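Engineer: Dropping the structure in here first, questions after.
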Amino acid sequence: MKTTRYRVYEAPDGSDDAYCGEYDTLEEAQAAAEAEPAGLPRSMWDSAYACGSHMGGLYPPPRDGVEDVEPRSWHGDSGWHCVVGVEYDTTEERVEP
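As structure tokens, this is what we get:
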């Protein structure tokens, strides 16, 4: 069985994408993206995975799931926060960072 969740990223022009969180519904993810949350830059994900935790209170995305190629929507005054769908195979156990 497959299920879809939604990740929020901060993606400013010319900078690393930053992971801001994952949500159960599109509506929750869009509301979070509108609030323009801080995220963990992609350049720091490996360090966070290696220590098995967070970096400064910010977490990297789970390693499993298949993300959409294109964002579903863009949000915030700056327009730099996006929502990306991610499909999980629920017959397998999820791998958290």
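Every number in my numbering is 201 more than the matching position in the sequence shown, counting from 1. Where is the CB? At the ideal position from N, CA and C, for every residue including glycine. Please read all numbers here as calculations on a predicted model, not as lab measurements.
With DSSP as the reference, label Ser274 as helix, strand or coil.
Structural biologist: DSSP places Ser274 in strand when its eight states are reduced to three.
Engineer: In whole angstroms, what is the alpha-carbon distance linking Val267 and His255?
Structural biologist: Roughly 22 Å between the two C-alpha positions.
Engineer: Quick one: residues in its chain with C-beta nearer than 6 Å to the C-beta of Leu259, no 5 flanking neighbours on either side, listed in chain order?
Structural biologist: These residues qualify, in order along the chain: Leu241.
Engineer: Have a look at His282 and Ala236 and give me their C-alpha separation to the nearest angstrom.
Structural biologist: His282 and Ala236: Cα-Cα distance of roughly 9 Å.
Engineer: Check Met245 in the structure and name its three-state DSSP category.
Structural biologist: If DSSP states are grouped into helix, strand and coil, Met245 belongs with the helices.
Engineer: Return the residue from the list Ser274, Gly286 and Pro261 that minimises the CA-CA distance to Asp218.
Structural biologist: Residue Pro261 is the option with its Cα nearest to Asp218.
Engineer: What does the Cβ neighbour count give for Glu288, buried or exposed, with the cut at 16 atoms within 10 Å?
Structural biologist: That one is exposed.
Engineer: Rounded to whole angstroms, how far is the Cβ of Val285 from the Cβ of Ala234, which I believe are closer than 8 Å?
Structural biologist: Not a contact, Cβ separation roughly 10 Å.
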